[in-house]
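Here is the structure we will look at, set down as structure tokens.
Protein chains in written order, with the working numbering: chain A, 213 to 777; chain B, 115 to 804.
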């Protein structure tokens, strides 16, 4: 680790926080319907659907509308992927996807996971990229943010009958937040050298006289929303490690900024929406702390390098550079990896499979902790609120009152729903991974023997259920078993989680908002932030310890002992 | 509102009458037997964590027996099984101990009930015509005659007569109280003893639902239902149990990737140490003990829900008289009329009060001595006492040296006639405005001046209110006084708000308004006209001396009839919740250390290098696993005293309280098992088991 490296990390994070401050206020304004500079377009879109934005929806109606929008998106995307062979904008003449892969990919982009069992440049037509994947990148992000705003509003005041109008939230977030940011960022990426063209792949003659096909495409704008919406699905198979998708250290820094800024801003927006900015700051503090911790751990593990390499005579000062881009270096790669897994983005600029065991453990654990650090756009905030409710419930009793969060009593119904939501990740990840590690059809996909092989499988379901989408690598994912079960894991991770969360929002909204006093459990400030961080670790992380002990931890200690498989 | 101020001070802390030591051998013996009976899985279903533990214990036992029969190694499995059973037993034992402490009380109450025989009146208005009946055969609406020496057979309302009643069976207070028809002291309780005179009682409670029955059920915990907060906590614990069930069950698949999956006893040990058995085992004991603490404090809550609500209270409505101020007004100043020396006035006032046995009269004598060194004389022979009557509103003493009078200002002035000295009216008005009561004093028909009587705020009450404020609880004084008087006393006592010239309707409206702002309200009351407000309040503490209507409306009854106790009731409610939260936090925080004990032990066969995680340097994999299980079982027993006694409550504000408890039970919960498991491991090693 170097001072220079830490300075890079500090600079990028400082820029994230600096931008999140005004952006949080802006998102709160969108939530309240106070942003109107594209009102005619908004009216047109809502008018076509016959939507009255002022008509509020209860949690059931809001959730059903969200599910309907996502189901429609899934059907359209599935059809497009299957039919891309006969559709235009397909200069390379790619055939339609197999049913398994189309299902997996459609689920993946609808659930904001962007797990990719395909390689973009050898499977996707430009139409599929733009009208299919690109559009879903916007819509899945808007879905997440809309849900988070609905949940936030439930805490704002007492006796609320509705959570707002899903269609209005959905439209406004796309129109006022994601589109302007994506356009600006896309232009910046074009300037940095990311291609944006409909021309067919270029053919070049190399210096040695060989022929080379260089994939191109409308990449820059898709890469912009890929990060802003914490989607993470790369235009090219190598994702941000591809020279056209991550052309420079500056572009990488900008991508880190883009994938972290909205999740952080949403935490602050929460503070604005509930009328107490300190509440949002406390949540952001926890997110930031974990991102810093995760980055530091990855950075330290990778900088320490692989003892076997060092024993073989490699320069220990280099650290473990296997699978990493020399252009980005260890520090930016560590920060990229911590934010992409912490933020449920899933874009990668390095091969996590090639990280040291501990360096690979951290991103996996960050996802397993519930994708709340800072989590995906929207999903990070509402996931964090679930943990906040549990933290308040467990420890809040210790001040001698029925626990309440922001004046809303936390009672049996909320605890039940929160526990239901918390159960989704361990049940999905551990359940599928355990079955896949004894099922011959699944074992065949694993490349490595020993604990690293277990990590590959564990990571795949972790990434899918956490709606992250990043790949550890080393796993042949395009098989019927993995395509299907990973698809199911993604659906469970998104919708089995969000339905109880919305039910919580419904219950919380209807409750009276109790006035705070000096006897109330304080949920701002460092004490609560520390408590919340501990609860996330204990309620969100401990159940994965046995699995992690068998994977990366075992690998780490075995490696230290000089053993390989 | 009549708060019987004399009662309020007498039985300050008589909780001792029921005090049972934590380690009373009789109770423990009984509890142990009861704990074994509670192992019945159908009874354990109420408690998901311990239920799962029992099922797992059963499974491990069966497997150990099978191994023994097949001639395989069985001792480790048997040891795990034994300690899993002990874990369950310790949990049921904790509950049994908590229940046992109430049982002794219940038994003595039951005796009072069973002895009662009734004299059933055939006609309510004819006292001479009665026939004997068993108390249990009485119906609501029956009229019974109760004479000196009789036990009152059931709860009821006095409809005729007046009697002094010894209510020690219920309240523990042996000084008899007056019960009479009409007014606010007409309620009588079954099982109490009439010591003089007679009364006719109309029965108001059906057999089996009397106050005494309710009390027995309460102290025994028979009628115990889970409170809302307990239900929520149970769900959390059940959820955690499922989470760890998943983590342990999937381990079979995960571990078979590289080597053999761990054996069932080992997985069972991991599961039981991870699920929150500590709080799961102590949860119901905490609840029972909370109710019990209240009972020992001579307050009966109709439900655990009410006790929890007490912890949540934001606003306390307190009656001024008897709660905030001492029951009576006391002399606070002498204001001489123009041309009169203050000492002359003081002497005259003292003489006028010499035969006055009321607290006000005593206070005049006391004040005269304190201020002017005037010693009270013994009543001289030949003195003629002029008693106070409601008509004259004047009292005094005729002595050879003069006629001394004191009384209400207008009454005395009227009896004197003649001129009122200049400035006297103004002085008297000033007293009234400041919240006092002026009494005029005269000697031989000449007005000497006035005595100022003032409400005296109870010593120490202001500090209590400050404490409450730190805990976020607002205090509101309720009084029939006018606004000026009320404001003066409110400022002196340091309450946050007051309701002056309060009618029962005002109280009800105030409670509704505060509740509308999302706050919980507690109040104490005893009169029939308090009943609506008592019912409306989230915590309504009715006085045992009060009317039947008030006792029905409130959700708690104070057997000592001391409204000040409302403050302690709130503290007991808070303590109950704090204890629950602290032990939950402790229990969950324990898991960290258990991982460090068990995980390396489980996987060291597949990956010997994972031994590096054995930071406690436990002797062997077997001893590590066994130590974790043993610690997990013993910690339940170790925490029983804390669960029964409750975590100490200190009114230092929520933020400070949270920091303190997080430090003790959160960080302590992480650290304690590291020490404990290591210690058990050392012992196992020492005695050569491992």
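Glycine included, each C-beta is placed from N, C-alpha and C at the ideal position.
Predicted model, so just to flag it, every value in this text is computed and none were measured.
What are the residues that DSSP puts in a beta bridge with residue 233(B)? 246(B), 259(B).
How about residue 198(B) and residue 382(B): are their beta carbons less than 8 angstroms apart? Against a cut-off of 8 angstroms, the Cβ pair of residue 382(B) and residue 198(B) comes out as a contact.
Please report the distance separating the alpha-carbon of residue 421(B) from that of residue 325(B). Answer to the nearest angstrom: the Cα atoms are 18 angstroms apart.
Where residue 225(A) falls: helix, strand or coil (DSSP): Note: residue 225(A) maps to helix in three-state DSSP.
Hey, could you find the ends of the beta strand (DSSP E) residue 518(B) is sitting in? Looking at the DSSP string, the run of the beta strand (DSSP E) that includes residue 518(B) is 516 to 522.
Using 8 angstroms for Cβ pairs, my map puts residue 144(B) next to residue 255(B). What's the rounded Cβ distance? So it is not a contact: roughly 40 angstroms between Cβ atoms.
To the nearest angstrom, report how far apart residue 120(B) and residue 489(B) are at their CA atoms. Low confidence applies to residue 120(B): its pLDDT is 35, below 50, so where it sits in the model is not reliable, and the reading given next is rough at best. Their backbone Cα atoms lie some 26 angstroms apart in a straight line.
Beta-ladder partner(s) of residue 430(A), from DSSP: In DSSP, residue 430(A) forms a bridge with 408(A).
Report yes or no: do the stretch 311 to 331 of chain A and the stretch 699 to 717 of chain A share at least 3 C-beta pairs separated by less than 8 angstroms? Output reads yes: the stretch 699 to 717 of chain A touches the stretch 311 to 331 of chain A.
At which residues does the alpha helix (DSSP H) containing residue 348(B) begin and terminate? It spans 342 to 369 - the alpha helix (DSSP H) in which residue 348(B) sits, taken as one unbroken run.
Close Cβ partners of residue 525(B) (< 7 angstroms) along its chain, the five nearest in sequence each way excluded: Result list for residue 525(B): 506, 507, 508, in chain order.
By Cβ distance below 6 angstroms, which residues in the same chain neighbour residue 603(B) in space, the five residues on each side in sequence not counted? Counting only residues of its own chain and dropping the five nearest sequence neighbours on each side, residue 603(B) has a CB closer than 6 angstroms to the CB of 549, 569.
Cβ separation of residue 648(B) and residue 668(B), assumed to be a contact under 8 angstroms, to the nearest whole Å: Right, their Cβ atoms sit about 4 angstroms apart.
Is residue 368(A) near residue 471(A), with beta carbons less than 8 angstroms apart? Residue 368(A) places its beta carbon 8 angstroms or farther from that of residue 471(A).
Thinking C-alpha only, which one of 763(A), 292(A), 411(A) is nearest residue 660(A)? Just measuring C-alpha positions, the residue of 763(A), 292(A), 411(A) sitting nearest residue 660(A) is 763(A).
In angstroms, rounded to a whole number, what distance separates the CA positions of residue 398(B) and residue 699(B)? It is roughly 16 angstroms from the alpha-carbon of residue 398(B) to the alpha-carbon of residue 699(B).
Give me the residue from 672(A), 371(A), 689(A), 690(A) with the minimum Cα distance to residue 682(A). Distance from the Cα of residue 682(A) is smallest, within the candidate group 672(A), 371(A), 689(A), 690(A), for 672(A).
Helix, strand or coil, according to DSSP, for residue 439(B) in the structure here? Per DSSP, reduced to three states, the secondary structure at residue 439(B) is strand.
Let's see if you can read the secondary structure: which residues bound the beta strand (DSSP E) around residue 568(B)? Element bounds for residue 568(B): 560 to 571.
Along the beta strand (DSSP E) that carries residue 589(B), what are the first and last residues, could you check? Under the DSSP assignment, residue 589(B) falls in the beta strand (DSSP E) whose first and last residues are 588 to 592.
Taking Cβ to Cβ, would you say residue 148(B) is nearer than 8 angstroms to residue 210(B)? It is a contact, given that the beta carbons lie within the stated cut-off.
Chain A partners of residue 370(B), CB-CB under 8 angstroms? Under the 8 angstroms cutoff, chain A gives 649, 650.
Just to confirm, is the Cβ distance from residue 504(A) to residue 574(A) under 8 angstroms? Contact annotation: residue 504(A) and residue 574(A) have beta-carbon atoms that are not nearer than 8 angstroms.
Here's the rule: buried if 16 or more other CB atoms are within 10 angstroms of the residue's CB, otherwise exposed. What is residue 777(A)? The C-beta of residue 777(A) has fewer than 16 other C-beta atoms within 10 Å across all chains shown, which makes the residue exposed.
Endpoints, the alpha helix (DSSP H) within which residue 311(B) is located: First-last for residue 311(B): 307 to 317, but that is the beta strand (DSSP E), not the alpha helix (DSSP H).
Nearest to residue 417(B) by alpha carbon, out of 402(B), 428(B), 294(B)? Comparing alpha-carbon positions, the option among 402(B), 428(B), 294(B) lying closest to residue 417(B) turns out to be 402(B).
According to DSSP, is residue 637(B) part of a helix, a strand, or is it coil? DSSP places residue 637(B) within a strand segment (E or B) once states are collapsed to three.
With 16 other CB atoms within 10 Å as the buried threshold, where does residue 216(A) fall? Taking a 10 Å sphere around the C-beta of residue 216(A), we find fewer than 16 other C-beta atoms and assign the residue as exposed.
What did DSSP end up calling residue 189(B) once you bin it into helix, strand or coil? Note: residue 189(B) maps to helix in three-state DSSP.
Please decide whether residue 367(A) counts as near chain B, where near means a Cβ-Cβ distance under 8 angstroms. Not closer than 8 angstroms to any Cβ of chain B, the Cβ of residue 367(A) fails to qualify, so no.
Taking the alpha-carbon positions, what's the residue 720(B) to residue 649(A) distance? Their Cα atoms are separated by approximately 16 angstroms.
Residues of the stretch 649 to 676 of chain B whose Cβ lies closer than 7 angstroms to any Cβ of chain A, in chain order: Listed by position along the chain: nothing, the set is empty.
Can you say whether residue 339(B) is buried or exposed, counting buried as having 16 or more other CB atoms within 10 angstroms of its CB? Exposed: under 16 other Cβ atoms inside 10 Å.
Just the C-alpha distance for residue 344(A) and residue 389(A), rounded to the nearest angstrom, thanks. Answer to the nearest angstrom: the Cα atoms are 20 angstroms apart.
8 angstroms Cβ cutoff met for residue 480(A) and residue 492(A): Cβ distance < 8 angstroms, so residue 480(A) and residue 492(A) count as in contact.
Counting only beta-carbon atoms, is residue 758(A) nearer than 8 angstroms to chain B? A Cβ of chain B is located within less than 8 angstroms of the beta carbon of residue 758(A).
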